[in-house]
Amino acid sequence: MHATSIYVVGQQTKRTVTAQLISATKRQQEQRRKALSIQISCIVYLLRQGIALRGHSDIESNLVQLLKFRSIDNDFLKEWINDKKYLSRDIINELRKEIYLLIIRDIISNRKWFSLICDETCDESTLERLCNGIRSVDDNYEIFEDILGLYELSRQDAPTIVEAICDVLTRCGLKNIIN
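Here it is as C-alpha cells:
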C-alpha cells in the first residue's frame, strides 16, 4: 500500500509526454528567435560599418565570424551557426533586403521634400537596368541622396519603366504619391 502511494504521488509530479514536447518546442522556438535576432543585429552592424557580409568562403565570412564571436557566451548560437540553415546566401540576402527597406522607409518618412531620380541604361551584358535614387531635404535644408536600387527591366518601353518605378515607390512606402 505504501509503495503504491509513493508510486502514484511520483506519477502525479511527472509531466505528460505532450507537455514535455510542448515545453521543448517552446524552448527551441525561443532560442531560435534569440539567435535570429542576434544574426539580424550582426547584419545591421556590418551594413552600418560598410563591411562586406561575405568573405572568401562561407565559413570565413564576416557575418559568421561575428556570430562566432557573439557565441562565446551563447551555446544556442553555436548550434545555430553549425546548423547553417539560416546562414544561406538566399536567407542573408532576404534579411539584408528587408533591413535596407526598413532603413529607406525610415529615412523617407523623416523627410518632407524629395524627388525621385531614375536612369535607365543597358549594361555590358545587354540587360536593361533602371537605377532609382531619391534626393531629399531635411528640416535644416541639408540635401541627401540615397540609392533605392538597381532593377532589371524585361523591356525598354514606357509601361515597363513606369511599372518598375511604381514598384519602387510602393516598396519604399511612397505609394500615396502614385497616381
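Just so it is clear: in the sequence shown, position 152 is 330 by our numbering, and no numbers are missing. We put the beta carbon where it would ideally sit given N, CA and C, even for glycine.
(request) Apply the 10 Å Cβ neighbour rule to Cys300 and answer buried if 16 or more other Cβ atoms are within range, or exposed otherwise. (result) Cys300 comes out exposed.
(request) Apply the 10 Å Cβ neighbour rule to Asn357 and answer buried if 16 or more other Cβ atoms are within range, or exposed otherwise. (result) Residue confidence for Asn357 is low, a pLDDT of 47 falling below 50, so the modelled location carries little weight; the figure read from the coordinates is stated next. Under this definition Asn357 is an exposed residue.
(request) Rank Pro337, Cys309 and Arg313 by C-alpha distance to the C-alpha of Phe292 and give the top, closest one. (result) Answer by Cα proximity: Arg313.
(request) List the endpoints of the continuous alpha helix (DSSP H) containing Thr194. (result) Going by DSSP, Thr194 is part of no alpha helix (DSSP H) at all; its letter is neither H nor E.
(request) Inspect the beta-carbon positions of Leu294 and Asn271 and report whether they are closer than 8 angstroms. (result) Leu294 places its beta carbon 8 angstroms or farther from that of Asn271.
(message) Cutting at 7 angstroms between CB atoms, please list the residues of its own chain near Ala213, excluding the five before and the five after it.
(response) Residues of the same chain with a CB within less than 7 angstroms of the CB of Ala213, apart from the 5 flanking positions on each side, are Phe254, Leu255 and Trp258 in chain order.
(message) Do Ile221 and Ile281 count as a contact pair if the criterion is CB distance below 8 angstroms?
(response) Ile281 places its beta carbon 8 angstroms or farther from that of Ile221.
(message) Under DSSP, the beta strand (DSSP E) around Ile295 begins and ends at which residues?
(response) From DSSP, the beta strand (DSSP E) with Ile295 extends over Trp291 to Cys300.
(request) Look up Leu352 in the DSSP assignment and say whether it is helix, strand or coil. (result) It is coil, neither helix nor strand.
(request) Flag this pair as yes or no: are the beta carbons of Leu231 and Leu245 separated by less than 8 angstroms? (result) Using a Cβ distance threshold of 8 angstroms, Leu231 and Leu245 do not count as a contacting pair.
(message) Counting C-beta neighbours from all protein chains within 10 Å, is the total for Ser332 16 or more, i.e. buried, or is it exposed?
(response) Its Cβ having fewer than 16 others within 10 Å, Ser332 is exposed.
(message) Rounding to the nearest angstrom, what Cα-Cα distance links Gln217 and Leu279 in this structure?
(response) If you take the alpha carbons of Gln217 and Leu279, they lie about 17 angstroms apart.
(request) Going by CA-CA distance only, name the one from Gln243, Leu347 and Glu330 that's closest to Ser287. (result) Of Gln243, Leu347 and Glu330, the residue nearest in Cα terms is Leu347.
(request) Would you identify the three-state DSSP class for Ser201, choosing helix, strand or coil? (result) DSSP places Ser201 in helix when its eight states are reduced to three.
(request) Following the continuous alpha helix (DSSP H) through Leu241, name the residue where it begins and the one where it ends. (result) Per DSSP, Leu241 is one residue of the alpha helix (DSSP H) stretching across Asn240 to Arg248.
(request) Can you tell me which of the three DSSP states Asn318 falls into? (result) Residue state, collapsed to three classes: coil.
(message) Within 10 Å of its beta-carbon, does Ser239 have 16 or more other beta-carbons around it, so buried, or fewer, so exposed?
(response) Buried, since its Cβ has 16 or more Cβ neighbours within 10 Å.
(message) Quick check: the Cα distance between Asp324 and Leu308, rounded to an integer number of angstroms?
(response) Straight-line Cα distance between these residues: approximately 15 angstroms.
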